[in-house]
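Colleague: Sequence lines, in order, name chains A and B. First residue of the first sequence: 59, per the numbering used here; consecutive thereafter. First residue of the second sequence: 59, per the numbering used here; consecutive thereafter. Even glycine gets a Cβ: it sits at the ideal position worked out from N, Cα and C. Since we're looking at a predicted model, the values are computed, not measured.
There are 2 protein chains.
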Amino acid sequence: MELNSLPSKLLENAVNEMSSLPGVGRKTALRLVLHLLKQPREQVQRFGSSFIALRNEVKSCRVCSNISDNDTCEICANPRRDRSTVCVVESIKDVLSIESTGQYGGVYHVLGGIISPINGVAPSDLSIEKLVERAGAGDINEVIVALSTTMEGETTAYYLYKKLKDFPVQLSALARGVGFGDELEYTDEITLGRSIKNRTPFESVFGHR
Amino acid sequence: MELNSLPSKLLENAVNEMSSLPGVGRKTALRLVLHLLKQPREQVQRFGSSFIALRNEVKSCRVCSNISDNDTCEICANPRRDRSTVCVVESIKDVLSIESTGQYGGVYHVLGGIISPINGVAPSDLSIEKLVERAGAGDINEVIVALSTTMEGETTAYYLYKKLKDFPVQLSALARGVGFGDELEYTDEITLGRSIKNRTPFESVFGHR
Numbered sequence: 059m060e061l062n063s064l065p066s067k068l069l070e071n072a073v074n075e076m077s078s079l080p081g082v083g084r085k086t087a088l089r090l091v092l093h094l095l096k097q098p099r100e101q102v103q104r105f106g107s108s109f110i111a112l113r114n115e116v117k118s119c120r121v122c123s124n125i126s127d128n129d130t131c132e133i134c135a136n137p138r139r140d141r142s143t144v145c146v147v148e149s150i151k152d153v154l155s156i157e158s159t160g161q162y163g164g165v166y167h168v169l170g171g172i173i174s175p176i177n178g179v180a181p182s183d184l185s186i187e188k189l190v191e192r193a194g195a196g197d198i199n200e201v202i203v204a205l206s207t208t209m210e211g212e213t214t215a216y217y218l219y220k221k222l223k224d225f226p227v228q229l230s231a232l233a234r235g236v237g238f239g240d241e242l243e244y245t246d247e248i249t250l251g252r253s254i255k256n257r258t259p260f261e262s263v264f265g266h267r
Numbered sequence: 059m060e061l062n063s064l065p066s067k068l069l070e071n072a073v074n075e076m077s078s079l080p081g082v083g084r085k086t087a088l089r090l091v092l093h094l095l096k097q098p099r100e101q102v103q104r105f106g107s108s109f110i111a112l113r114n115e116v117k118s119c120r121v122c123s124n125i126s127d128n129d130t131c132e133i134c135a136n137p138r139r140d141r142s143t144v145c146v147v148e149s150i151k152d153v154l155s156i157e158s159t160g161q162y163g164g165v166y167h168v169l170g171g172i173i174s175p176i177n178g179v180a181p182s183d184l185s186i187e188k189l190v191e192r193a194g195a196g197d198i199n200e201v202i203v204a205l206s207t208t209m210e211g212e213t214t215a216y217y218l219y220k221k222l223k224d225f226p227v228q229l230s231a232l233a234r235g236v237g238f239g240d241e242l243e244y245t246d247e248i249t250l251g252r253s254i255k256n257r258t259p260f261e262s263v264f265g266h267r
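#1: Please report how far the alpha carbon of A/Ser126 lies from the alpha carbon of B/Leu69, in whole angstroms.
#2: Have a look at B/Ser63 and B/Gly178 and give me their C-alpha separation to the nearest angstrom.
#3: In or out: B/Lys255 buried (at least 16 other Cβ within 10 Å) or exposed?
#4: Identify which residue in A/Arg234, A/Glu247, A/Leu88, A/Thr159 has its Cα closest to the Cα of A/Leu205.
#5: Taking only beta-carbon atoms, is A/Ile173 less than 7 Å away from chain B?
#6: Per the contact definition of three or more C-beta pairs closer than 8 Å, is the segment 217–232 of chain B in contact with the segment 187–205 of chain B?
#7: Quick check: what's the CA-CA separation for B/Arg267 versus B/Lys223?
#8: Counting only beta-carbon atoms, is B/Phe238 nearer than 7 Å to chain A?
#9: Return the first residue and the last residue of the beta strand (DSSP E) that B/Ile173 is part of.
#10: At least one CB of chain B closer than 7 Å to the CB of A/Lys96: is that the case?
#11: Return the CA-CA distance between B/Gly237 and A/Gln101, expressed in angstroms with no decimal places.
#12: Can you tell me where the beta strand (DSSP E) holding A/Leu229 begins and where it ends?
#13: Shorter than 7 Å from the beta carbon of A/Ser65 to some beta carbon of chain B?
#14: Name the two residues that bound the continuous alpha helix (DSSP H) containing B/Asp152.
#15: Please list, in chain order, the residues of the segment 106–130 of chain B that have any C-beta partner in chain A closer than 8 Å.
#16: Does B/Val146 come within less than 7 Å of chain A when only Cβ atoms are used?
#17: From B/Lys220 to B/Thr207, what distance separates their C-alpha atoms?
#18: State buried or exposed for A/Arg113, treating a residue as buried only when at least 16 other CB atoms are found within 10 Å of its CB.
#19: Are any of the Cβ atoms in chain A nearer than 7 Å to that of B/Gln103?
#20: Quick one: measure Cβ to Cβ for A/Cys119 and A/Ile202, integer angstroms, because I've assumed they're closer than 8 Å.
#21: When you compare each of B/Glu148, B/Gln103, B/Ile110 to B/Ser123 by their alpha carbons, which one comes out closest?
#22: Taking Cβ-Cβ distances below 8 Å as the criterion, which residues of the segment 190–222 of chain A are in contact with chain B?
#23: Could you name the residues of chain B that A/Asn177 contacts, counting a contact when the two beta carbons are closer than 8 Å?
#24: Compare the C-beta of A/Asn136 against all C-beta atoms of chain B and say whether one is closer than 7 Å.
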C-alpha cells in the first residue's frame with residue numbers, strides 16, 4: 059500500500075501522529091486511523107482528549123513521584139500502608155507490577171529511570187536526592203531496591219547503596235532465584251548458582267502459598 | 059501487571075481509550091499511554107488533536123466518496139485522470155492499494171462497505187445509487203468491479219452487475235489468477251483452474267514489464 063501520498067492532509071497528519079507511537083508502523087497506523095474515522099464524533103473527541111487531559115493534568119506524587127491525580131498518590135495517602143518500608147523502583151510500571159502481586163504493604167519511591175551513561179541518564183536526572191531526604195527524615199526502617207538485574211540496574215543499585223549506607227536504614231534487594239515455572243535445565247548458571255547459595259527453608263516457601 | 063486498578067483516573071481513561079483501538083490490548087495500551095506521558099505537552103496536544111480534527115473536518119468526495127480535504131477529492135479533480143473509467147472498491151484502503159500500483163489512470167467509486175447480511179449491511183447502506191446515477195449520466199464507458207473474492211464481495215459484484223447491466227457501460231472485473239511470487243504447488247485449484255482457462259498471450263505478460 060502506498061502510504062507516502064495519502065489523499066488528505068488531515069489523514070496524513072493523523073497517520074503520522076499514530077505512527078509516532080513505539081511499535082506502530084505506518085501500515086498499522088493507517089488501519090487504526092481509518093478505524094477511528096468510522097467511529098462517532100463524540101467517541102473520537104473522547105479518544106483524543108483523554109491523552110491531552112492525562113498529559114496536562116496528571117500529577118507526580120510529591121512524596122514518591124508515582125503518578126497521581128492529587129498531590130499525594132493513593133498509596134502514600136493510604137493509612138494502612140507501612141510508611142517505614144520504601145520500595146525503590148525505576149518507573150510507574152514497576153509500581154503496578156509489584157502492586158499486582160498483592161504481597162507488598164509498604165510505600166514506593168519512583169526514580170523515574172535508571173543511571174545509564176549510554177543513554178545520557180545521570181544520577182541527577184533521577185529522584186535520588188528526594189530518596190536520600192526521605193531516608194534522612196528518619197521515618198524509614200527499610201529500603202528495598204527493586205531494580206532490573208541489568209548492568210544499568212546494578213549500577214543504579216550500587217549508587218543508591220553508597221548514598222544510603224550511612225543512614226540507619228536496612229537496605230535490601232529483591233530475592234534472586236529460579237522463577238516460578240522455570241525449568242532448571244534452561245536456567246542460566248548465575249541464577250542457578252545464586253539460588254543454591256541463597257536457598258530458603260522449605261517452610262518459608264510453602265508458608266507463602 | 060495489575061491493570062484493573064490504575065492509580066490515576068486520568069491514566070485509567072487514557073488506557074481505556076487506547077485499548078478501544080482494534081488489536082490493542084490493555085497491556086499495550088498502558089505501554090503506549092506511558093510513552094505519551096513522557097512526551098512534551100505540545101506533542102501530546104498535537105497527537106490527540108490530529109484525530110479529532112480528522113474526524114470533524116475530513117470530507118467525503120461528492121463524486122466518488124473517497125476521503126478528501128475538499129468537496130471533490132484529488133483524484134476526481136485531477137484533469138489527467140480518465141473520468142470515463144470508474145473502478146468500484148469497498149473502501150478508501152483499496153483506493154490507496156490500487157493507487158500504489160501506479161497502473162491505473164481512471165477514477166474511483168468507493169462503496170463504503172460490501173453487502174453482508176450477517177453484518178447487517180444492506181445495498182442501501184452503500185453508495186450504490188450514486189454509482190447508478192454516475193452510470194446513468196452517460197459519461198462512463200467502463201466500470202471495473204474491484205472487490206474482494208469473498209462470498210460477500212461476489213454477492214456485491216453480482217448486485218452491481220444487475221444494477222448496471224442495462225446501461226451502455228462495459229463491466230469488467232479484476233483479473234483472477236496466480237499471484238506474483240506464488241508457487242503453483244500451493245495455489246488452490248479454483249485459482250489455478252481459472253488462470254489456465256483465462257490464460258493470456260505471452261507478449262501481454264512481458265509487455266507490462
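Modeller: So, to answer that:
#1: 9 Å
#2: 37 Å
#3: exposed
#4: A/Arg234
#5: no
#6: yes
#7: Residue confidence for B/Arg267 is low, a pLDDT of 45 falling below 50, so the modelled location carries little weight; the figure read from the coordinates is stated next. Near 33 Å, if we compare the C-alpha coordinates of B/Lys223 and B/Arg267.
#8: no
#9: Neither: B/Ile173 is in no beta strand (DSSP E) and is coded neither H nor E.
#10: no
#11: 40 Å
#12: 228–231
#13: Reading off the sequence, residue 65 of chain A comes out as Pro, not Ser. Judged by the 7 Å Cβ criterion, A/Pro65 is in contact with chain B.
#14: 150–159
#15: Gly106, Ser107, Ser108, Phe109, Ile110, Ala111, Leu112, Arg113, Asn114, Glu115, Val116, Asn124, Ile125, Ser126, Asp127
#16: no
#17: 18 Å
#18: buried
#19: yes
#20: With 8 Å as the limit, A/Cys119 and A/Ile202 do not qualify as a contact, their Cβ atoms being about 18 Å apart.
#21: B/Glu148
#22: none
#23: Under the 8 Å cutoff, chain B gives no residues; its nearest Cβ is about 13 Å from A/Asn177.
#24: no
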